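What follows is one structure encoded as C-alpha cells, with my remarks underneath.
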Amino acid sequence: MNNKSLYLLLSIVALFTIVNCTTDSTSLYQLTTSSEPGDGGQVTPVSAEAAGGETIRIQAEENDYWIFHGWSGDYSGTEKHAEVIMDGDKHVIAQFRPIEHILSIQVDGEGDVHREIVQQKVSEHEHGTVLKLTAIPASDWQFSEWSGDAEGDALSVEIVMNEPKSVTATFAGLPLIETAAVNSIGQDSAQGGGEVISGQGSEVFQFGICWNEEGNPTKSDECTNDGSGTGSFISMMADLNPDTEYFVRAYAENSVGTAFGDEINFRTLDNAISDCGVMTDQDGNEYDTVVIGSQCWMRENIRTTTYRNGTKIPHLESNSSFVNDQSGGWMYYGNDPDNADTYGLLYNWHTVVNANGICPVDWKMPDDDDWLELAEHLGGQFEAGGKMKHEGTEFWQAPNEGATNESGFTSLPAGYRDFFDGTYGLLRSITYWWSKSEHDNNNARYWENSYQHFMLVNLETRKNQGFSVRCVAE
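Have a look at this one:
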C-alpha cells in the first residue's frame, strides 16, 4: 500500500470515531413509570427522555387508603421523591400497599368470637374490608352484648374496617354459688344457707336452698327464696320429719339459668331427743343444747374468751406462750379464726379448772363421772362414740366409722394443739374433750372421738395440751 492510500484509510477511521463519540454524548434515553397495583397511586412523570448521564426526577403519590411502599424495576429506594440517572432506557415501578387496620377483640366471660370476611380485599383488614363477627358462648354460658366499636345483642354483627377498631364480646354464665353447712338441726327444722359469689355477667334475681330426702334436690323440690344479688345468706328448712336424712343444695338464678352448690346431707333429731334451751356464754355466743338421759349437754364446743366472772382468758397465740403457760388460755385451731364457728376454741387444762370458771352460770365443767354417765346412757364406751359423732364426711374424715349422731351430741373433729412444741394437728380426724378430773401433777383426764372407730375413749395426757371443751348443765 502506498502512502497516499494509508493516509486516506486513517482519515476515514478518525472521522468515524469522531462521529461516533459525538453521537454517544447526545443520545436520548427513555424513562417510563408505572404503579403496582394500579389503583394504589400514580407516578409523575409517566414517561420522559434525557441524555445519557442526566437525571430525571420522579415522584409517587398515594391514592386514599394506600401507602407508598418503595420503588422497583430499574430503581430501588423508599423515598417518594427519587432522581433516576439515565444511562440507558429504564422502567421504574412505584409499589403501593393498602392501609391495614388492626381489629382488637376482647372477651368478657367464657366464649369466643369467630371472624368472617364478608367483602374480601387484598389483605384481611385492608381499609374497607367488611368483617362479620359471631359470638360463640362456652358451655353453660350465653352471649350478652357487643361493646366498643360494635353494638347490640345479636350473636353476629358486621363492622367496616375503615380505621383501627376494638370490640368486646360479653358473655354471661351460670352464677357461682356455695352451699353452707347445716346447723341448728332439730326434730322438724334445720338452718342452712349459702353464698352467691358472682352472677358471672348477669344479675342474680333469686337465690335460696332446696332440699329433699332422695338426693340431688332441684327447684322442683322444697325450696326457699331468700333474696337477690350476691353475698352470704341464711335460710331455714321447716316441716321436716324427725330422724330423717335430708339432702340440701344452695341455688342461684340469673338470665342464663339455675346453678346449684355442692350437696350436703344431714339427719334430723329423733323424737326422743330434746333440749334444755339455748345456752349463752360470757361473750354472748349462743349454743344449742341436747338432753341425753338425765343430763343436758352443749351440742357444740365452747368458744368463749371470757371467764364466768368477766375476766378475759389469755390468748395463747405464739408457740412459746402456749408451751409455757401454767394458768390458762385459749387459741384458734391453726391460729385461724374461721375455724371457731364450726369447731369452737381450744384450751389447756389449766383453763378448765380455773376458779374463775369457763362455763357460764348454771353450767359446769364435766368430770370423768359426768362423761361416764353420758357413755353408759348411750350403751357404754364401746359404742357411745358413734352415737355422738356428726354423721357423714362433710366434717369428719372418711370412713367416720359408726357415726349416727342419734344422741344429738353432734361431735365434730376439732383436732388439738401439741403441748411439746405448739403445733396443730388432726383437724377432721379426732376431737379431744377435757375432763375436770386430774390424773396426777402433770397429767389430766380427757375423752376422745375418732373417725376410725365408734368408741368413746378415756385416757390421760399432759395438762398443757390444747383440747376442746363441752359444758354440762348443773
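Under our numbering, the first residue of the sequence shown is numbered 25, with each subsequent residue one higher. All residues carry an ideal CB built from backbone N, CA and C; glycine is no exception. Computed from a predicted structure; not experimentally measured.
Exposed unless 16 or more other CB atoms sit within 10 angstroms - verdict on residue i
i           : result
residue 291 : buried
residue 495 : buried
residue 328 : buried
residue 469 : buried
residue 414 : buried
residue 226 : buried
residue 139 : exposed
residue 446 : buried
residue 54  : exposed
residue 191 : buried
residue 466 : exposed
residue 59  : buried
residue 399 : buried
Residue of the options minimising C-alpha distance to residue i
i           : options               : result
residue 452 : 160, 277 and 475      : 475
residue 372 : 389, 63 and 353       : 353
residue 19  : 337, 369, 362 and 357 : As shown, the chain starts at 25 and ends at 498. That puts residue 19 outside it, with no answer to give.
residue 318 : 281, 69, 401 and 68   : 401
residue 456 : 490, 423, 428 and 466 : 490
residue 239 : 269, 75 and 313       : 269
residue 426 : 410, 87 and 416       : 410
residue 194 : 170, 187, 82 and 467  : 170
residue 323 : 430, 282 and 242      : 430
residue 479 : 449, 442, 428 and 348 : 428
residue 254 : 211, 242, 198 and 261 : 198
residue 68  : 250, 83, 216 and 341  : 83
residue 484 : 151, 164 and 461      : 461
residue 330 : 348, 186, 393 and 309 : 309
residue 186 : 153, 266 and 201      : 153
residue 165 : 419, 279 and 386      : 279
residue 362 : 438, 285, 230 and 487 : 438
residue 267 : 297, 261, 441 and 286 : 297
residue 343 : 376, 357 and 332      : 357
residue 241 : 63, 284, 155 and 265  : 284
residue 421 : 440, 450 and 398      : 450
residue 391 : 156, 286, 264 and 377 : 377
residue 286 : 311, 265 and 235      : 235
residue 210 : 103, 99 and 265       : 265
residue 355 : 155, 105 and 448      : 448
Short Cβ contact (8 Å threshold) for residue i with residue j
i           : j           : result
residue 203 : residue 223 : no
residue 196 : residue 168 : yes
residue 395 : residue 492 : no
residue 519 : residue 160 : Outside the displayed range of the chain (25 to 498) lies residue 519, so it cannot be described from this structure.
residue 85  : residue 65  : yes
residue 473 : residue 412 : yes
residue 75  : residue 51  : yes
residue 382 : residue 326 : yes
residue 313 : residue 294 : no
residue 252 : residue 216 : no
residue 117 : residue 96  : yes
residue 380 : residue 332 : yes
residue 482 : residue 443 : no
residue 231 : residue 250 : yes
residue 162 : residue 320 : no
residue 233 : residue 200 : no
residue 370 : residue 441 : yes
residue 56  : residue 115 : yes
Opposing strand residues paired with residue i [DSSP bridges]
i           : result
residue 500 : The question about residue 500 has no answer here: the residues shown for the chain are numbered 25 through 498.
residue 128 : 190
residue 355 : 370
residue 259 : 216
residue 91  : 121
residue 471 : 457 and 482
residue 170 : 176 and 193
residue 161 : 135
residue 289 : 271
residue 14  : With the chain covering only 25 through 498, there is no way to say anything about residue 14.
residue 230 : 277
residue 104 : Answer is none; residue 104 lacks a bridge partner.
residue 408 : In DSSP, residue 408 forms no bridge with anything.
Proximity test, Cβ basis, 8 Å: residue i and chain C
i           : result
residue 320 : Annotation note: the requested chain C is absent from the structure, which comprises a single protein chain.
Distance cut-off 7 Å: residue i Cβ against heavy atoms of the ligand ADP
i           : result
residue 439 : Judged by which ligands are present, the structure shown has none, so any question about the ligand ADP falls away.
Exercise for review: Count the C-beta pairs between the stretch 238-250 and the stretch 122-129 that are closer than 8 Å, then say yes if the count reaches three, no if not.
Suggested key: The answer is no - the stretch 122-129 does not touch the stretch 238-250, with fewer than three Cβ pairs under 8 Å.
Exercise for review: Spell out a yes or no on whether the stretch 77-94 and the stretch 116-124 are touching, meaning 3 or more CB-CB pairs, one atom from each, closer than 8 Å.
Suggested key: Verdict: yes, contact present.
Review point. Between the stretch 174-183 and the stretch 195-210, are three or more C-beta pairs nearer than 8 Å?
Key: Using a C-beta cut-off of 8 Å, the stretch 174-183 makes no contact with the stretch 195-210, since fewer than three inter-stretch Cβ pairs fall below that distance.
Practice item. Evaluate contact between the stretch 269-276 and the stretch 302-316, counting only Cβ atoms and requiring at least three cross-stretch pairs below 8 Å. Key: No, the stretch 269-276 is not in contact with the stretch 302-316.
Review point. On the three-pair Cβ rule with 8 Å, is the stretch 420-435 touching the stretch 357-372?
Key: Flag = no, the stretch 420-435 and the stretch 357-372 do not touch.
Check your understanding: If you pair each beta-carbon of the stretch 131-141 with each one of the stretch 102-112, do three or more pairs fall below 8 Å?
Key -> At 8 Å Cβ cutoff, the stretches do not touch.
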